[in-house]
Amino acid sequence: MLVEHRPHFEKDTRRNILLLQVSALESEIAQQRALLLKKETERLQLHSEINTLSPINQLPAEIKTEIFYNALGSLVDSQWQGMYPFSLGKICRNWRDFVWLTPILWTNLHLCLSKDKYEAQTDLLHEWLSRISKHPISFCLDTERSLDEWVSHPPTEVLTTFASVSSQWKDVEFFVPDVKACFDAISTAEKSLPFLTAATIRLTSITQQLNLSTAPQLSVLNIYSPCLSKVLVPWHQLRELYANGCTVDEIRIFFHNAPQIVHCTFTGIESAILDHLLDLDSFHHLVLEYLEYLKLWFETVDDSANLIFGSAKLPSLREVCLNGSFASAAPVTILPQIMQTFRYSQLLEEITLSYQIPSDIILIQVLELIPSIKTLYLYLIHRRQHNGHNLLLKALLQRLNCPHDILLPRLRKFKYRGHTTLSEYMPLFRDFLVYRFRQCASPPKKVGSKEKTVSRIRSVTVRTPSQLLIRPDIQEELDCLRRDGLRLSITSHFV
0 MLVEHRPHFE KDTRRNILLL QVSALESEIA QQRALLLKKE TERLQLHSEI
50 NTLSPINQLP AEIKTEIFYN ALGSLVDSQW QGMYPFSLGK ICRNWRDFVW
100 LTPILWTNLH LCLSKDKYEA QTDLLHEWLS RISKHPISFC LDTERSLDEW
150 VSHPPTEVLT TFASVSSQWK DVEFFVPDVK ACFDAISTAE KSLPFLTAAT
200 IRLTSITQQL NLSTAPQLSV LNIYSPCLSK VLVPWHQLRE LYANGCTVDE
250 IRIFFHNAPQ IVHCTFTGIE SAILDHLLDL DSFHHLVLEY LEYLKLWFET
300 VDDSANLIFG SAKLPSLREV CLNGSFASAA PVTILPQIMQ TFRYSQLLEE
350 ITLSYQIPSD IILIQVLELI PSIKTLYLYL IHRRQHNGHN LLLKALLQRL
400 NCPHDILLPR LRKFKYRGHT TLSEYMPLFR DFLVYRFRQC ASPPKKVGSK
450 EKTVSRIRSV TVRTPSQLLI RPDIQEELDC LRRDGLRLSI TSHFV
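Going left to right, the sequence shown walks through residues 0 to 494 as numbering that gives the first Met the number 0 numbers them.
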């Protein structure tokens with residue numbers, strides 16, 4: 000019997016020996032792993048020490064901060080371009096520690112809200128704002144999809160979170176519904192906006208009120224769908240305004256209340272006069288001393304458009320852009336009437352007219368009022384401009400050339416986009432270019448000369464969906480003008 004059990008005994012003994020060997024190896028492996036981990040830690044420490052010797056880490060903290068700050072992204076036209084601080088923190092531990100402990104690197108934020116990620120975004124926002132310390136913050140709050148999906152359940156928690164740091168706002172953009180909740184929270188807490196210099200706000204209703212009266216440094220305001228009478232702003236200190244969806248009388252009141260305005264754009268202008276009792280006498284002596292840029296885009300055009308400025312003086316005006324259905328307006332002379340306001344603005348050099356103009360005759364009347372124009376843009380792409388309202392015809396081309404009374408003697412850059420029958424008047428167009436580019440290149444007339452000085456034109460661009468037919472001899476002359484330095488582009492998209 001003892002002999003029969005011996006093989007089993009030997010197997011057990013052998014197994015135990017092997018298990019002991021495995022255990023010994025595992026112990027040795029564990030020791031080696033611990034040693035490897037220790038060596039890995041030492042290696043990382045050495046690399047960290049090497050990194051501290053790199054040129055950027057030898058710089059003073061304030062210079063390093065400036066480099067990192069400029070390496071980060073920024074908001075450009077309400078879109079984030081570039082890196083976030085997290086990206087810099089991934090480079091190495093030294094950089095991560097520096098980024099995490101430098102508040103100014105967290106002072107720009109673009110948060111695009113998503114219904115699916117809203118809870119995580121809210122948590123991230125709390126953490127992000129905790130890093131900025133007391134620094135002023137600039138941010139854009141936007142939505143991933145349509146605003147409609149947020150109307151019934153607005154992002155109240157995010158808005159109130161931003162409101163909690165309103166005393167640090169610098170440049171803010173809101174493209175979300177129920178912005179009023181954010182500003183109500185600020186008002187309830189009786190907080191001011193001491194650092195706020197620029198604000199972009201989209202209101203979801205013209206009945207919404209907005210209070211920015213506690214922003215002593217606010218100078219730039221972009222606002223969509225407002226009722227300006229419900230917007231409390233220190234108008235007297237504004238330097239730049241963009242507003243969409245205002246009425247003529249709202250615009251008039253704005254200019255009366257904003258004497259410091261420099262750059263102003265109104266789009267979607269409604270011709271409705273909401274206040275027929277508005278005191279016109281208070282606008283008779285209006286002087287906008289600092290206004291340099293003006294853009295007016297009319298939703299509809301009628302006699303009320305001429306009331307915006309009346310007899311106001313605009314001595315610093317340099318650039319004007321007008322957009323509207325001036326060809327279908329009643330009366331058709333409304334455009335020259337509007338331009339009368341600018342005839343005494345001696346610094347005015349650039350004019351853009353777009354959408355519709357009734358005829359060359361009306362255009363000539365307009366341009367005669369502003370002889371100081373150096374740059375003229377005509378963007379006349381409305382379908383009615385094709386039906387009997389073509390420009391660049393005989394009357395205009397003759398007035399741009401000698402021996403006629405020269406129109407726009409200082410013109411240097413001209414761009415036209417729209418329908419035209421220029422093919423019929425291509426010889427006149429060629430003569431205009433030759434005269435204004437070649438013959439006007441001579442030295443200015445002597446002091447006291449009665450002959451009008453005409454500037455040399457530098458750039459001419461024509462883009463049209465109309466067919467253009469150019470004779471070979473005229474084409475050769477145009478090519479010669481290009482070779483001599485005239486920036487000339489003539490493009491037809493006729494199909």
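Each residue gets a CB set at the ideal place from its N, CA and C atoms; glycine is no exception.
In the DSSP assignment, Ser86 falls within the alpha helix (DSSP H) that extends over Pro84 to Gly88. Closest option to Val98, judged by alpha-carbon separation, among Glu349, His109 and Met82: Met82. Counting only the Cα atoms, Gln57 lies some 52 Å from Pro225.
Bounds of the alpha helix (DSSP H) holding Cys479 are Pro471 to Arg482. Rounded to whole angstroms, Val453 and Val171 show a C-alpha spacing of 47 Å. Between the C-alpha atoms of Lys412 and Ile456 there is a straight-line separation of about 6 Å. Judged by beta-carbon spacing, Pro153 lies within the 7 Å limit of Asp177, meaning their Cβ atoms are closer than that value. Exposure of Gly484 is indicated by the presence of fewer than 16 other C-beta atoms within 10 angstroms of its C-beta.
If you ignore the 5 residues before and after Ser137, its C-beta comes within less than 6 Å of the C-beta of Asn107, Lys169 and Asp170, all in its own chain and listed in chain order. Excluding the 5 residues flanking it on each side, Leu240 has same chain C-beta neighbours closer than 6 Å at Leu220 and Cys263, in chain order.
Distance check between Gln438 and each of Asn305, Leu480 and Glu148 places Leu480 closest, using alpha-carbon atoms only.
Nearest to Glu318 by alpha-carbon distance, out of Ser344, Ser129 and Lys312, is Ser344. Three or more beta-carbon pairs separated by less than 8 Å are not found between the stretch 288-305 and the stretch 358-367, which leaves the two stretches without contact. A direct Cα-to-Cα measurement between Asn400 and Phe431 gives close to 5 Å. Counting along the chain, Phe308 sits inside no beta strand (DSSP E), nor does DSSP assign it H or E at all. One alpha carbon belongs to Ala242, the other to Tyr223, and they sit about 6 Å apart. By the criterion of a C-beta distance shorter than 7 Å, Ser47 is surrounded in its chain by Arg92 and Asn93, once the five residues flanking it on both sides are discounted.
Between Ile268 and Asn322, the alpha-carbon positions lie close to 10 Å from each other. For His125, the enclosing alpha helix (DSSP H) stretches over residues Tyr117 to Ser129.
Going by beta carbons, Ile350 and Leu368 fall outside the 7 Å limit. Between Lys190 and Ser165, the CB-CB gap stays under 7 Å. Restricted to the stretch 141-186, the beta strand (DSSP E) segments that are unbroken, complete and at least 3 residues in length are 168-173, listed in chain order. Classified as buried, His418 has 16 or more neighbouring CB atoms from the shown chains inside 10 Å of its CB. Rounded to whole angstroms, the gap between the alpha carbons of Phe173 and Val433 is 52 Å.
In this model, Leu71 and Trp79 are separated by some 10 Å (Cα to Cα).
Under the three-state reduction of DSSP output, Leu36 falls in the helix class. Contact check for Leu112 and Val175: beta-carbon distance about 7 Å, within the 8 Å limit, so the pair qualifies. A residue is called buried once 16 or more other Cβ atoms fall within 10 Å of its Cβ, and Leu421 is buried on that count. With contacts defined by Cβ atoms closer than 7 Å, Phe265 and Leu285 do not form a contacting pair. Per DSSP, Arg486 is one residue of the beta strand (DSSP E) stretching across Arg486 to Ser491. Val365 places its beta carbon less than 7 Å from that of Pro335.
With respect to the 7 Å criterion, Thr460 and Ser488 are classified as neighbours on the basis of their beta carbons.
Under the three-state reduction of DSSP, Phe325 is assigned to coil, being neither helix nor strand. Residue environment for Pro426: exposed (fewer than 16 other C-beta atoms within 10 angstroms of its C-beta). For Tyr343, the secondary structure class from DSSP, reduced to helix, strand or coil, is coil.
Distance from the Cα of Pro370 is smallest, within the candidate group Gln31, Leu391, Ala60 and Phe341, for Phe341.
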